[in-house]
Amino acid sequence: MDLGIEGRTAVVCASSRGLGKGCAEALAKAGCRLIINGRNAESLETTASDLRLLGADVTAVAADIGSREGQERVLTAAKAVDILINNNGGPPRRGFRELTREDMLEGVTQNMVTPIELIQAVADGMVDRGFGRIVNITSLSVLMPIPGLDLSSGARAGLTAFLAGVCREFVPHNVTINNILPGKMDTDRLRAGISWQAEKTGISEDEAAKREAAAIPAGRFGTPEEFGELAAFLCSAQAGYITGQNFRVDGGLLPVAF
């Protein structure tokens with residue numbers, strides 16, 4: 036399917052690995068010019084090389100997207116942004132009682148304030164050009180509590196509520212804002228969570244992983260590649276009538292009808 040975004044400039048935050056990399060790969064296949072970002076310069080350059088093999092024009096910016104300096108470097112490299120994939124590492128798993136004030140402020144900055152700042156920076160330019168697609172990678176924990184992720188859940192839920200009104204301001208100009216809520220995707224963050232759970236319950240990591248997968252109706256973890264394909268469609272020319280939506284990618288884990 037031709038997504039109609041060949042030649043569009045896409046910024047994919049935190050894209051050296053995991054779900055961000057999956058999104059970057061799908062957009063590369065769609066013909067986008069890519070600005071990718073990550074904190075580790077070595078792994079970021081490896082990803083850039085992989086994307087170039089797909090024929091993509093790629094600029095890699097090693098920076099902390101949660102900092103003002105990092106945001107400026109990424110946006111300067113992009114110039115005019117047509118597509119923004121907001122993504123950032125979540126806070127490590129911690130029990131509610133372990134969280135300090137500094138922990139909480141950092142979590143909210145990384146997972147709520149940072150994506151809002153980036154949207155503030157690019158949305159008006161999208162309006163001027165008559166095209167814009169913004170996709171925020173949040174989490175299934177926005178809807179379904181996950182042990183140890185209270186801070187991540189709160190920050191991402193805050194982002195979701197904040198943008199619910201904002202998205203309706205921009206959609207008349209063909210600028211859409213949507214969220215994708217990953218469930219148990221096979222990423223480093225999932226594996227870290229499995230290790231945390233194994234330690235808490237006194238079982239092996241392999242056993243913990245089997246239990247986690249068995250609880251999913253699909254019987255497996257999701258992949259960054261299939262996640263990225265959904266993100267790419269939401270960035271397509273055909274997706275201009277979809278905004279303010281939360282798309283669960285969870286293999287049926289959340290047992291709800293609506």
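Per the working numbering, the very first residue in the sequence shown carries number 36; after that it's consecutive.
For every residue, glycine included, the Cβ atom is placed at its ideal position computed from N, Cα and C.
Item                                                                                                : Value
Minimum C-alpha distance to A196 - residue among L178, H208 and P182                                : L178
One or two residues paired with V294 in a DSSP bridge                                               : Residue 294 lies beyond the residue range present for the chain, which begins at 36 and ends at 293; the question has no answer from this structure.
Nearest-angstrom Cα separation, counted from R74 out to S102                                        : 11 Å
Length of the line joining the Cα atoms of V323 and R132                                            : What the structure shows of the chain is the stretch from 36 to 293, and residue 323 is not part of that stretch, so it cannot be assessed.
C-beta contact flag for I212 and A266 at 9 Å                                                        : no
Extent of the continuous beta strand (DSSP E) run through I120                                      : I118 to N121
Burial state of S84, where buried means 16 or more other Cβ atoms lie within 10 Å                   : exposed
Sufficient close CB pairs (3 or more, under 8 Å) joining the segment 251-266 to the segment 150-161 : no
Rounded C-alpha distance that separates P259 from I169                                              : 18 Å
Residue nearest to A274 in terms of C-alpha spacing, selected from V148, R136 and G167              : G167
Test item: CB-CB of A59 and L86 under 9 Å                                                           : yes
Cβ separation of W231 and G189, assumed to be a contact under 8 Å, to the nearest whole Å           : Going by Cβ atoms, the distance from W231 to G189 rounds to 19 Å, so no, they are not a contact pair.
Separation of N121 from C15, as counted between CA atoms                                            : As displayed, the chain neither begins before 36 nor continues past 293, which places residue 15 out of reach and without an answer.
For M220, the three-state DSSP class (helix, strand or coil)                                        : strand
F293 - containing alpha helix (DSSP H), residue span                                                : F293 -> no alpha helix (DSSP H), and no H or E assigned at all.
Beta-bridge partners of L69, as assigned by DSSP                                                    : A45 and V93
Beta carbon of N171 nearer than 9 Å to that of L198                                                 : yes
Closest residue to I151 among D138, T173, A61 and R164 (Cα-Cα distance)                             : T173
Cβ contact (3+ pairs, closer than 8 Å) linking the segment 136-147 and the segment 239-250          : no
Min CB distance A49 to chain E below 9 Å                                                            : Protein chains in the displayed structure number just one, and chain E is not present.
In DSSP terms, what I172 is bridged to                                                              : I215
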